[in-house]
Amino acid sequence: MKFTLLSFLAVLVFATFASAHNKPQNYIIQLNKTATVDEFVPKFIHDTAKFFHDLFKEAGEKLDDLFDRDDDPFGNNKIRVRQSYDIGGNFKALDIQLSDDRILDKIKKGFSEIISIIPDEEVQFELPKPAHLKKHAKNSKRYYIRPVRPNESSYEDPTQEVKHPHHNSKRYYIRPIRTNESTYEEDPNESPHQNGDVAAASESPYIANTEGWSSYISASTSSAQDEASATTTTAASSAAQTAESGPTYIEQENAQWNLVRISQRDRDSSKPYIYDSRGGAGVTVYVVDDGVAVNHKDFGGRAKRGYSAYTDENVKSDGNSTKSFGSSAQLQNTDPLDGGGHGTHVAGIIGGKEYGVAKNVDIVSVQVLRADGKGTVSSLLGGIQWIMEQEKNRTRPVVINMSLGLPESSAGAQALNDAVSAAVEAGLPVFAAAGNSASDACKISPAGNSDVYTVGSVDSDDKMDPYSCYGRCVDVLAPGFDITSTYIGSKDATATMSGSSMAAPHVAGVAALLLPSLDEDIKPTALYKEITKLTTRRKIDDIPDWLTPNRLVFNGQEKEE
Numbered sequence: 001m002k003f004t005l006l007s008f009l010a011v012l013v014f015a016t017f018a019s020a021h022n023k024p025q026n027y028i029i030q031l032n033k034t035a036t037v038d039e040f041v042p043k044f045i046h047d048t049a050k051f052f053h054d055l056f057k058e059a060g061e062k063l064d065d066l067f068d069r070d071d072d073p074f075g076n077n078k079i080r081v082r083q084s085y086d087i088g089g090n091f092k093a094l095d096i097q098l099s100d101d102r103i104l105d106k107i108k109k110g111f112s113e114i115i116s117i118i119p120d121e122e123v124q125f126e127l128p129k130p131a132h133l134k135k136h137a138k139n140s141k142r143y144y145i146r147p148v149r150p151n152e153s154s155y156e157d158p159t160q161e162v163k164h165p166h167h168n169s170k171r172y173y174i175r176p177i178r179t180n181e182s183t184y185e186e187d188p189n190e191s192p193h194q195n196g197d198v199a200a201a202s203e204s205p206y207i208a209n210t211e212g213w214s215s216y217i218s219a220s221t222s223s224a225q226d227e228a229s230a231t232t233t234t235a236a237s238s239a240a241q242t243a244e245s246g247p248t249y250i251e252q253e254n255a256q257w258n259l260v261r262i263s264q265r266d267r268d269s270s271k272p273y274i275y276d277s278r279g280g281a282g283v284t285v286y287v288v289d290d291g292v293a294v295n296h297k298d299f300g301g302r303a304k305r306g307y308s309a310y311t312d313e314n315v316k317s318d319g320n321s322t323k324s325f326g327s328s329a330q331l332q333n334t335d336p337l338d339g340g341g342h343g344t345h346v347a348g349i350i351g352g353k354e355y356g357v358a359k360n361v362d363i364v365s366v367q368v369l370r371a372d373g374k375g376t377v378s379s380l381l382g383g384i385q386w387i388m389e390q391e392k393n394r395t396r397p398v399v400i401n402m403s404l405g406l407p408e409s410s411a412g413a414q415a416l417n418d419a420v421s422a423a424v425e426a427g428l429p430v431f432a433a434a435g436n437s438a439s440d441a442c443k444i445s446p447a448g449n450s451d452v453y454t455v456g457s458v459d460s461d462d463k464m465d466p467y468s469c470y471g472r473c474v475d476v477l478a479p480g481f482d483i484t485s486t487y488i489g490s491k492d493a494t495a496t497m498s499g500s501s502m503a504a505p506h507v508a509g510v511a512a513l514l515l516p517s518l519d520e521d522i523k524p525t526a527l528y529k530e531i532t533k534l535t536t537r538r539k540i541d542d543i544p545d546w547l548t549p550n551r552l553v554f555n556g557q558e559k560e561e
């Protein structure tokens, strides 16, 4: 068949345009609460296939069918529903794969049940790595410049070393000298976070800038055997507790500074860590992160793998292979399901025998990020839904820790917020890291969500970490600087890390300590209030603004009260 030049150009333009849209893309389709997922899915597939049929039929007629078709363009293989979500009846969505995005607008307009459609793009979460894996990191030092805030004009000498006397590792930073800081006395029953509006950010909605989630890890990771061995003594002759006898307490001598701080009203690192002898026994803590090395000896068999967003094939790929320096100077391969170390460190703070707040909790790994720190909105949604499925008929207290986040401006932030809110409404308390971008925590998801309990970071000198996010969406402060905890690479590996990722698990651990003494049907908001009531007030310096509560988490021990 002979073609005119115009016909040839038309075919070329269409072929180029079609190829640009024919690469399969993943999307999250959020549905309204009244939709019935099981009924909507077959209707959605049928009608979407018809959209494809009409699209290709129209294109074929316009080009007089001048292009060959290897596949049937009218088939259902153009659309695939990969996963459906129904979290507590309050969050409903589909994870779909679409071979041609030209029908997105028709899909959005063709179904009254659809609230939004967002790309399920892979996001790079900047999780910490050992400093000696970084090209320019030497001698446990970290240099950074904190973003300038309003009314902050003077800075200290950047060459001056800020020393933390109780630790061997060193960290360098420029600490702003604030001239208009103020602290205020707030009602411990009220949180500035509750019922707060989430501020909008100005970044592109399709680019998730996760720079604020890089945390610091010291160059030295070592065996737990190299740490000062802690000893424990019971504060009563028996660890058995009854309502009649009241709680008994255990004292951990030579404990890490961060543990001591949350059990003492005044800073004194020479004291022991004092905690309820039950240690959170009977409480399950879900660690939503990059995986947990469940065989680490500090977990004492209480940690297990629950969910992974990645199939066996995916976790064995190069993208999720992990290496660790653990307790050796040589690289050691670790199980991909252990993750990159971030989740293991977080889990150790929550419930490690040596390094943990609540030493008898059960820890469940919910792996939503790969070891390289990459993840998608669908992986996060899948992890939350899996937790909900496990807790449909729960008979024991539950806590969720999320030491991760997205900027509120990113495409998936609202879906993540809605899913987390649905879990909280179903009765599951969520503790989230405020973020490490030295900015307003209200601009981070889920930290800015009023349904979660958001935690900012402080150091061993009772000063707020200058890299921690701040503001009215922060509910409480907790130790987050130079925190030693469990790590990957060997069964006794440890690492020292910093960031609000380390602060949040302290509060999750405190929640686990308190839950056995509270009503078994306690709502998340009531649990949050109990934690707030116990906090130590007006002890933290260098808080960047008056909206940030000057409240340090306290574990509730009454032995020295």
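Mapping to full-length UniProt numbering: the sequence shown position 23 is 23, numbers consecutive.
Glycine is no exception: its CB is placed at the ideal position from the N, C-alpha and C atoms.
These figures come from a predicted structure and were not determined experimentally.
Where residue 105 is concerned, the enclosing alpha helix (DSSP H) starts and stops at 104-110. Residue environment for residue 486: buried (at least 16 other C-beta atoms within 10 angstroms of its C-beta). Using a 10 angstroms sphere on the CB of residue 393, the tally of other CB atoms stays under 16, which defines it as exposed. At least 8 angstroms separates the beta-carbon of residue 512 from that of residue 292.
Between residue 462 and residue 267, the beta carbon gap of about 5 angstroms places them in contact (Cβ cut-off 8 angstroms).
Runs of alpha helix (DSSP H) with 4 or more residues, each lying fully within the stretch 486-544, are found at 500-514 and 524-534, listed in chain order. Between the alpha carbons of residue 520 and residue 395 lies a gap of roughly 8 angstroms. In the DSSP assignment, residue 95 falls within the unbroken beta strand (DSSP E) covering 91-98. In the structure shown, residue 343 falls within a helical segment according to DSSP collapsed to helix, strand and coil. The C-beta of residue 506 has 16 or more other C-beta atoms within 10 Å across all chains shown, which makes the residue buried.
According to the DSSP assignment, residue 261 belongs to the alpha helix (DSSP H) that extends over 257-262.
Nearest in C-alpha terms to residue 437, of all of 407, 101, 250 and 421, is 407.
A distance below 8 angstroms separates the beta carbons of residue 479 and residue 503.
The Cβ atoms of residue 548 and residue 471 sit closer than 8 angstroms to each other. In the pairwise beta carbon analysis, the stretch 379-387 is classified as touching the stretch 78-95: at least three pairs are separated by under 8 angstroms.
Taking a 10 Å sphere around the C-beta of residue 359, we find 16 or more other C-beta atoms and assign the residue as buried. Judged by their CB atoms, residue 340 and residue 372 are nearer to each other than the 8 angstroms cut-off.
In summary, residue 496 is buried, with 16 or more beta-carbon neighbours lying within 10 Å of its beta-carbon over all protein chains present. Under DSSP, residue 80 takes part in a beta bridge, and its partners are 97.
Under DSSP, residue 303 takes part in a beta bridge, and its partners are 363. Straight through space, the alpha carbons of residue 451 and residue 306 are spaced by roughly 24 angstroms. Residue range 25-31 is occupied by the beta strand (DSSP E) that includes residue 26.
A direct Cα-Cα distance of roughly 7 angstroms separates residue 405 from residue 435. Per DSSP, reduced to three states, the secondary structure at residue 254 is coil, with no helix or strand assignment. Taking the C-beta atoms as reference points, residue 430 is found nearer than 8 angstroms to residue 400.
For residue 422, the enclosing alpha helix (DSSP H) starts and ends at 413-425. The beta carbon of residue 247 lies closer than 8 angstroms to those of 241, 276, 277, 278, 517 and 558 in the same chain, with the five residues before and after it left out. Secondary structure of residue 477 (DSSP, three-state): strand. Distance from the Cα of residue 261 is smallest, within the candidate group 544, 543 and 539, for 539.
Shown here for residue 363: same chain residues with a beta carbon closer than 7 angstroms to its own, the five before and five after excluded, namely 285, 287, 292, 299, 302, 303, 347, 350 and 351 in chain order. Within the same chain, and ignoring the five residues on either side of residue 281 in sequence, the residues whose Cβ sits closer than 6 angstroms to its Cβ are 360. For residue 246, the secondary structure class from DSSP, reduced to helix, strand or coil, is strand. Where residue 402 is concerned, there is no enclosing alpha helix (DSSP H), although the beta strand (DSSP E) around it starts and stops at 398-402. The beta-bridge partner set that DSSP reports for residue 287 consists of 365 and 401. Residue environment: residue 296 is assigned as buried (16 or more neighbouring CB atoms within 10 Å of its CB, all protein chains considered).
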